[in-house]
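Asks: Protein chains in written order, with numbering that gives the first Met the number 0: chain A, 0 to 232; chain B, 0 to 399.
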Amino acid sequence: MNDKPRILVVDDEPQLTRVLRTGLKSRGYDVRVAADGLAGFETFSDWHPELVITDLAMPNMDGLELCRRLRTISQVPIIILSAKGEEKIKVEALDIGADDFVTKPFGIDELLARVRASLRRASSRNSNETTQTALELGDFHVDLESRNVTVRGREIRLTPKEFDLLIYFINHSGKVLTHHTLLAAVWGGDYVEQDQYLRVFVGNLRKKLETNPASPRYILTEPWVGYRFSPNE
Amino acid sequence: MEPVNLRWAGYVGAIFGTAFVTASLAPFHEQINSTTVALAFLLVVLFVALFWGSRPALLASVLGVFCLNFFFLPPLYTLSIAHPQNWVALTAFFTTALAVGQLSARAKRRAEEAEEGRREIERLYQELQAVFERASQAEALRQSERLKSALLDAVTHDLRTPLTSIKASITTLLDEVRGRSQEEQLVTLDSESRLEMMEVIDEESDRLNRFIGGLIELARIEAGELRLSRRWGTVDEIISTALARAEPFKEGREVEVDIETELPVVSVDERAVSEVVYTLVDNAAKYSAVGTSIRISAQRADDGMIMMAVEDKGDGIAVDLRERVFDKFFRATRDGDISTHQPSGTGMGLAIAKGIVEAHGGKIWIDSGAGGRGTRVVFTLPIGDEEITEQPEHAAHVDY
Numbered sequence: 000m001n002d003k004p005r006i007l008v009v010d011d012e013p014q015l016t017r018v019l020r021t022g023l024k025s026r027g028y029d030v031r032v033a034a035d036g037l038a039g040f041e042t043f044s045d046w047h048p049e050l051v052i053t054d055l056a057m058p059n060m061d062g063l064e065l066c067r068r069l070r071t072i073s074q075v076p077i078i079i080l081s082a083k084g085e086e087k088i089k090v091e092a093l094d095i096g097a098d099d100f101v102t103k104p105f106g107i108d109e110l111l112a113r114v115r116a117s118l119r120r121a122s123s124r125n126s127n128e129t130t131q132t133a134l135e136l137g138d139f140h141v142d143l144e145s146r147n148v149t150v151r152g153r154e155i156r157l158t159p160k161e162f163d164l165l166i167y168f169i170n171h172s173g174k175v176l177t178h179h180t181l182l183a184a185v186w187g188g189d190y191v192e193q194d195q196y197l198r199v200f201v202g203n204l205r206k207k208l209e210t211n212p213a214s215p216r217y218i219l220t221e222p223w224v225g226y227r228f229s230p231n232e
Numbered sequence: 000m001e002p003v004n005l006r007w008a009g010y011v012g013a014i015f016g017t018a019f020v021t022a023s024l025a026p027f028h029e030q031i032n033s034t035t036v037a038l039a040f041l042l043v044v045l046f047v048a049l050f051w052g053s054r055p056a057l058l059a060s061v062l063g064v065f066c067l068n069f070f071f072l073p074p075l076y077t078l079s080i081a082h083p084q085n086w087v088a089l090t091a092f093f094t095t096a097l098a099v100g101q102l103s104a105r106a107k108r109r110a111e112e113a114e115e116g117r118r119e120i121e122r123l124y125q126e127l128q129a130v131f132e133r134a135s136q137a138e139a140l141r142q143s144e145r146l147k148s149a150l151l152d153a154v155t156h157d158l159r160t161p162l163t164s165i166k167a168s169i170t171t172l173l174d175e176v177r178g179r180s181q182e183e184q185l186v187t188l189d190s191e192s193r194l195e196m197m198e199v200i201d202e203e204s205d206r207l208n209r210f211i212g213g214l215i216e217l218a219r220i221e222a223g224e225l226r227l228s229r230r231w232g233t234v235d236e237i238i239s240t241a242l243a244r245a246e247p248f249k250e251g252r253e254v255e256v257d258i259e260t261e262l263p264v265v266s267v268d269e270r271a272v273s274e275v276v277y278t279l280v281d282n283a284a285k286y287s288a289v290g291t292s293i294r295i296s297a298q299r300a301d302d303g304m305i306m307m308a309v310e311d312k313g314d315g316i317a318v319d320l321r322e323r324v325f326d327k328f329f330r331a332t333r334d335g336d337i338s339t340h341q342p343s344g345t346g347m348g349l350a351i352a353k354g355i356v357e358a359h360g361g362k363i364w365i366d367s368g369a370g371g372r373g374t375r376v377v378f379t380l381p382i383g384d385e386e387i388t389e390q391p392e393h394a395a396h397v398d399y
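#1: Are the beta-carbon atoms belonging to A/Phe246 and B/Thr163 less than 8 Å from one another?
#2: From B/Glu198 to B/Ser192, what does the alpha carbon distance come to, in whole angstroms?
#3: By the criterion of Cβ-Cβ separation under 7 Å, what are the contact partners of A/Lys103 in chain B?
#4: Are there 16 or more other CB atoms within 10 angstroms of the CB of A/Arg17, so buried, or fewer, so exposed?
#5: Output the distance between the C-alpha atoms of B/Phe46 and B/Ile14, rounded to the nearest integer angstrom.
#6: Between the segment 63-75 of chain B and the segment 29-47 of chain B, do three or more beta carbon pairs fall short of 8 Å?
#7: Hey, how far is the Cα of A/Phe139 from the Cα of A/Lys3?
#8: Closest to B/Phe210 by C-alpha separation, out of B/Ala59, B/Ser79, B/Lys312 and B/Phe328, would be which residue?
#9: Keeping to the same chain, check which residues put their C-beta closer than 6 Å to that of B/Glu269; ignore five residues upstream and five downstream.
#10: To which residues of the same chain is A/Gly36 closer than 7 Å at the C-beta, ignoring the five residues directly before and after it?
#11: Go ahead and pull the three-state DSSP assignment for A/Lys28.
#12: Of the residues that make up the segment 192-219 of chain B, which ones have a beta carbon closer than 7 Å to any beta carbon in chain A?
#13: For B/Pro161, I'd like the list of residues in its chain whose CB is within less than 6 Å of its CB, leaving aside the five on either flank, ordered along the chain.
#14: Taking all protein chains shown into account, decide if A/His47 is buried (16 or more other Cβ within 10 angstroms of its Cβ) or exposed.
#15: Can you tell me whether B/Gln101 is helix, strand or coil according to DSSP?
#16: Can you check whether the CB of B/Ile293 is closer than 8 Å to the CB of B/Ala284?
#17: Over what stretch of residues does the beta strand (DSSP E) that includes A/Lys103 continue unbroken?
#18: Is the Cβ-Cβ distance between A/Leu80 and A/Asp98 less than 8 Å?
#19: How big is the Cα-Cα spacing for B/Leu242 and A/Glu41?
#20: With the cut-off set at 8 Å, would you say B/Ala104 and B/Ala22 are in Cβ contact?
#21: Does the beta-carbon of A/Phe162, which I'm using as the reference point, lie nearer than 7 Å to any heavy atom of the ligand COA?
#22: When the distance is taken between beta carbons, is B/Gly12 closer than 8 Å to B/Phe423?
#23: Does any residue of chain A bring its CB to less than 8 Å from the CB of B/Leu146?
#24: Between the segment 280-293 of chain B and chain A, which residues of the former have CB atoms less than 8 Å from a CB of the latter, in chain order?
#25: Would you mind stating whether B/Met304 and A/Thr21 have Cβ atoms separated by less than 8 Å?
#26: With distance defined between alpha-carbon atoms, name the residue in A/Ala183, A/Gly173 and A/Glu85 nearest to A/Lys160.
#27: Taking the continuous beta strand (DSSP E) assigned at A/Tyr226, which residues delimit it?
#28: Whole beta strand (DSSP E) runs in the segment 181-225 of chain A with 3 or more residues, listed along the chain?
#29: Quick check on A/Val9 - is its C-beta less than 8 Å from some C-beta in chain B?
#30: Determine the contact status of A/Asp94 and A/Thr220, defining contact as a CB-CB distance below 8 Å.
#31: Can you say whether B/Gly251 is buried or exposed, counting buried as having 16 or more other CB atoms within 10 angstroms of its CB?
#32: Output the distance between the C-alpha atoms of B/Pro83 and B/Glu114, rounded to the nearest integer angstrom.
#33: Could you tell me whether any Cβ in chain B is nearer than 8 Å to the Cβ of A/Ala116?
#34: Return helix, strand or coil for B/Ser128, following the three-state DSSP convention.
#35: Can you tell me whether B/Thr339 is buried or exposed, with buried defined as 16 or more other CB within 10 angstroms of its CB?
#36: Quick check on the DSSP output: what are the complete alpha helix (DSSP H) runs of length 4 or more inside the segment 170-210 of chain B, in order along the chain?
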C-alpha cells in the first residue's frame with residue numbers, strides 16, 4: 000500500500016480516461032479508471048479512493064446516479080466533468096452532493112487545482128470532526144460560542160441568519176454550493192425555491208465582509224449554479 | 000336592434016305605401032268594393048312588416064284604418080261610419096292588419112336571427128380554424144426548434160469530446176515542457192506517457208476530422224447533391240475494399256463472407272457502396288464482443304435487385320430503435336440504453352449509409368441476426384441497366 004492519494008476517474012470516453020490517468024499519475028496520484036457509473040461504483044467499493052472524478056452522460060449508470068449512490072455510503076469528494084448545455088443536470092448533481100465541477104474542454108491545471116482543493120477540504124473536514132469552539136480560516140476567525148466574527152482582524156456584527164449562512168460557507172469553503180443546498184441548509188426544506196432570500200442575505204453578508212462588495216473576493220458567484228466561498232487562505 | 004335610420008325608413012315607407020294605395024284607388028272608389036281596398040292596404044302592411052318590422056307595420060295598419068274609413072267607407076271624407084257592417088269590416092281589417100304585421104315581422108326577425116346565428120357560427124368556425132392553424136404552426140415551429148437544438152447539442156458534444164482529450168493532453172505536455180511544478184507535486188512524464196499523450200492528440204484530431212467529413216457528407220446528401228459515379232463492378236471487389244479499410248477495427252473478430260455464386264455485376268458507385276459496407280462492419284465490430292464473428296452476405300433478390308447484409312452476434316438493437324438508428328446523430332449507446340465499452344461513433348454513419356443506399360434506389364433496414372440474436376443490417380441495390388451506366392454523373396436526389 001502506498002501513500003499516494005487515490006483518484007477514481009469515471010468516463011465512457013476511453014481517450015479522455017487515458018489522458019487523465021497519465022496526467023494525474025504524473026502529478027503523483029494513484030489512478031484507476033472506469034467506463035461507466037456501474038463499473039465506477041464497483042471500483043469505489045473495492046478500492047476506496049479519496050476522490051472521484053466523473054462524467055455526467057454515460058451508459059449503464061450515469062454520473063448523477065453514481066453521485067447519488069456514492070453519497071449513500073461515503074462523503075468522498077466528487078468532481079463532475081460537465082459540458083456547456085448540461086447546466087441543469089450539473090446543478091442536480093451538485094444538489095445531490097457532488098463537490099465541484101470542471102467544464103469541458105478543460106486544461107489539466109484547472110482540473111488539478113480542483114482536485115487539490117477538494118482533497119484539502121476533505122482532509123480538513125476529517126481533522127475537524129472533534130467538537131470545535133472556534134473556526135480559523137484565511138481572513139476569518141469565528142468564535143462559535145460567543146458568535147463573534149472577525150474578518151481581517153476587524154470584528155463585524157451579523158444577524159443570526161447571516162451568521163448561520165457564513166458558518167455554512169466556512170464549513171464548505173471552496174466547494175460549489177447551489178442555491179438549493181444553501182436554502183435547505185440555512186432556511187430549511189420549505190424555502191428551497193426562495194432564491195430571493197438567499198440573494199438578499201448574500202448581498203448583506205458581502206456588504207459586511209467584503210472590502211468591495213461589487214467585486215467580491217470571499218463569496219464568489221458561480222453563474223446559474225450558486226456560490227463558492229473562498230476565505231483567502 | 001334595428002338601426003334608427005332603418006326604422007325611420009320603415010315609418011316613411013308605411014306612410015308612402017298607404018298614401019300610394021289611397022291615391023291609386025280613391026278615384027275609383029265607386030267601381031271597387033271596400034274588401035278589395037282593404038286587401039290592398041293589407042298588402043302594404045304585409046310589405047312594411049317584412050321589410051321594416053312590427054312598429055312601422057303598426058303605423059301602416061293605423062293609417063290603413065284611417066284611409067279606408069276616410070276615403071272609401073261612406074259617408075266619404077268623414078271619420079264617421081254609416082253602416083254598422085262597415086264597423087265590423089273596419090275592425091276585422093284592423094285586427095287582421097295587426098296580426099299580419101306582427102306575424103310577418105316576427106317571421107322576419109326569426110329569419111334574421113337564424114341568419115345571424117349562421118353567420119356567427121361561420122365566424123366562430125373560421126376563428127377556430129385560424130386558432131388551430133396558428134397552434135399547429137407554433138407546434139411545428141417548436142418541434143423544429145427542439146430538433147435543431149437537439150442536433151446542435153449532438154454536434155457540439157461530438158466536437159467538444161475530442162477537443163477535451165486534446166486540450167487535457169496538450170496542457171499535460173506543456174506543463175512538463177515548461178518544467179512547472181505545482182505545490183509539492185512534481186510534473187514527471189516518462190517517455191511512454193509522453194507518447195501516449197501524443198497518440199491521443201493524433202487519434203482525437205483524426206476523430207474530429209472524420210466527424211467534420213461526416214457532417215459534410217450528410218449535408219451533401221440532404222441537399223440532394225450526392226453525385227454517384229456508377230460503374231459496372233463486382234460485389235466481391237466492393238466487399239474486399241471495405242474489409243481492407245475495416246481491418247484495424249475488427250480486433251479479433253472473424254469476418255465470414257458469403258457471396259452467392261453467379262451473382263451478376265452491378266452498376267453502382269463502388270466507393271459509396273464500399274463506404275456503406277465499411278460503416279456496417281465497423282458498427283458490427285463496435286457492438287459485438289471480441290472473438291465473435293461478423294458475417295457479410297450478398298445474394299440476388301427479386302425485381303432486378305441484389306441484397307447485401309452484415310450480421311453480428313452482439314446484443315442486438317431493440318425493435319423500437321431499429322428505425323431511429325438511421326436518424327442523424329442518433330446513437331443507440333447514448334440515446335437508446337445499449338451498453339458497450341467501445342468508443343461510440345459519430346452518430347452519422349448509418350444516416351449516411353441510408354442516404355447512399357436510397358440514392359441508388361435501394362432500401363436499408365435492420366433485422367435480428369440468426370436465432371433472434373445480434374443485429375443484421377440488410378440493404379438492397381438495383382443491379383442497374385445500360386441506360387443508367389451511360390450517365391456516369393447521374394445526380395441523385397434524396398428527399399428527407
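Built from N, CA and C at the ideal position, the CB exists for glycine as well. As the structure is a prediction and not an experimental result, all values here were calculated from the model.
Replies: Straight from the coordinates:
#1: Since the first residue of chain A shown is 0 and the last is 232, residue 246 of chain A is not available in this structure.
#2: Within the second sequence, the letter at position 199 stands for residue 198 of chain B. Within the second sequence, the letter at position 193 stands for residue 192 of chain B. Rounded to whole angstroms, B/Glu198 to B/Ser192 spans 10 Å at the Cα level.
#3: Residue numbering aside, residue 103 of chain A sits at position 104 when the first sequence is read from its first letter. When 7 Å is used as the limit between beta carbons, A/Lys103 is near these residues of chain B: Arg159 and Thr163, in chain order.
#4: On the first sequence, position 18 is the one that residue 17 of chain A refers to. Buried: at least 16 other Cβ atoms inside 10 Å.
#5: Your numbering for residue 46 of chain B matches position 47 in the second sequence. Your numbering for residue 14 of chain B matches position 15 in the second sequence. B/Phe46 and B/Ile14 have their alpha carbons spaced roughly 12 Å apart.
#6: yes
#7: Taking the first residue of the first sequence as 1, we reach residue 139 of chain A at position 140. Taking the first residue of the first sequence as 1, we reach residue 3 of chain A at position 4. Rounded to the nearest angstrom, the two C-alpha atoms are 31 Å apart.
#8: In the second sequence, residue 210 of chain B corresponds to position 211, counting from 1. Out of B/Ala59, B/Ser79, B/Lys312 and B/Phe328, B/Phe328 has the C-alpha closest to the C-alpha of B/Phe210.
#9: Translated into the one-based positions of the second sequence, residue 269 of chain B becomes position 270. These residues qualify, in order along the chain: Gly232 and Ile237.
#10: Taking the first residue of the first sequence as position 1, residue 36 of chain A is located at position 37. Answer for A/Gly36: Val9, Met57, Asn59, Met60, Asp61, Gly62, Glu64 and Leu65, listed in chain order.
#11: Counted from its first residue, the first sequence places residue 28 of chain A at position 29. Strictly speaking, residue 28 of chain A in this sequence is Tyr, with Lys absent from that position. Three-state result, A/Tyr28: coil.
#12: Ser192, Glu195, Met196, Val199, Glu202 and Glu203
#13: Residue 161 of chain B sits at position 162 when you count from the first residue of the second sequence. Result list for B/Pro161: Glu203, Arg206 and Leu207, in chain order.
#14: Sequence index remark: in the first sequence, residue 47 of chain A carries index 48 (1-based). So A/His47 ends up on the exposed side.
#15: As a first step, residue 101 of chain B is located in the second sequence; it is residue number 102 there, counting from the start. It is helical.
#16: As a working mapping, residue 284 of chain B is identified with position 285 in the second sequence. As a working mapping, residue 293 of chain B is identified with position 294 in the second sequence. Taking 8 Å as the Cβ cut-off, B/Ala284 and B/Ile293 qualify as a contacting pair.
#17: Against the first sequence, residue 103 of chain A aligns to sequence position 104. That run of the beta strand (DSSP E) goes Asp99 to Lys103.
#18: Within the first sequence, residue 80 of chain A is the residue found at index 81, counting from 1. Within the first sequence, residue 98 of chain A is the residue found at index 99, counting from 1. When the beta-carbon positions are compared, A/Leu80 and A/Asp98 stay at least 8 Å from each other.
#19: In the second sequence, residue 242 of chain B corresponds to position 243, counting from 1. In the first sequence, residue 41 of chain A corresponds to position 42, counting from 1. Spanning the two alpha carbons is a distance of roughly 38 Å.
#20: For this step, residue 104 of chain B is matched to residue 105 along the second sequence. For this step, residue 22 of chain B is matched to residue 23 along the second sequence. Result no, Cβ atoms of B/Ala104 and B/Ala22 do not sit closer than 8 Å.
#21: In terms of ligand content, the structure shown is empty, and the ligand COA therefore cannot be addressed.
#22: Absent from the structure is residue 423 of chain B, since the part of chain B shown begins at 0 and ends at 399.
#23: The residue given as residue 146 of chain B occupies position 147 in the second sequence. Chain A, which has no Cβ nearer than 8 Å to the Cβ of B/Leu146, makes this no.
#24: none
#25: The residue given as residue 304 of chain B occupies position 305 in the second sequence. The residue given as residue 21 of chain A occupies position 22 in the first sequence. Result no, Cβ atoms of B/Met304 and A/Thr21 do not sit closer than 8 Å.
#26: Start at 1 with the first residue of the first sequence, and residue 160 of chain A comes out as number 161. Residue A/Ala183 is the option with its Cα nearest to A/Lys160.
#27: Start at 1 with the first residue of the first sequence, and residue 226 of chain A comes out as number 227. Note, A/Tyr226: beta strand (DSSP E), Gly225 to Phe228.
#28: Whole beta strand (DSSP E) segments, 3+ residues: 218-221.
#29: In the first sequence, counting from the first residue as 1, residue 9 of chain A sits at position 10. No - not a single Cβ of chain B is within 8 Å of the one on A/Val9.
#30: Position 95 of the first sequence holds residue 94 of chain A. Position 221 of the first sequence holds residue 220 of chain A. No.
#31: In the second sequence, counting from the first residue as 1, residue 251 of chain B sits at position 252. With fewer than 16 Cβ atoms within 10 Å of its Cβ, B/Gly251 is classed as exposed.
#32: Stepping through the second sequence from its first residue, residue 83 of chain B is reached at position 84. Stepping through the second sequence from its first residue, residue 114 of chain B is reached at position 115. Distance between the alpha carbons of B/Pro83 and B/Glu114: 46 Å.
#33: The sequence position of residue 116 of chain A within the first sequence is 117, counting from 1. By this cut-off, A/Ala116 is not an interface position.
#34: In the second sequence, residue 128 of chain B corresponds to position 129, counting from 1. One point to set straight first is that residue 128 of chain B is Gln, not Ser, in the sequence displayed. Reduced to three states, the DSSP call for B/Gln128 is helix.
#35: Residue mapping note: residue 339 of chain B aligns to position 340 of the second sequence, counting from 1. Any reading at B/Thr339 needs caution, since the residue's pLDDT is 47, under 50, leaving its predicted position unreliable; the model's value is listed next. When all chains shown are included, B/Thr339 counts as buried.
#36: none
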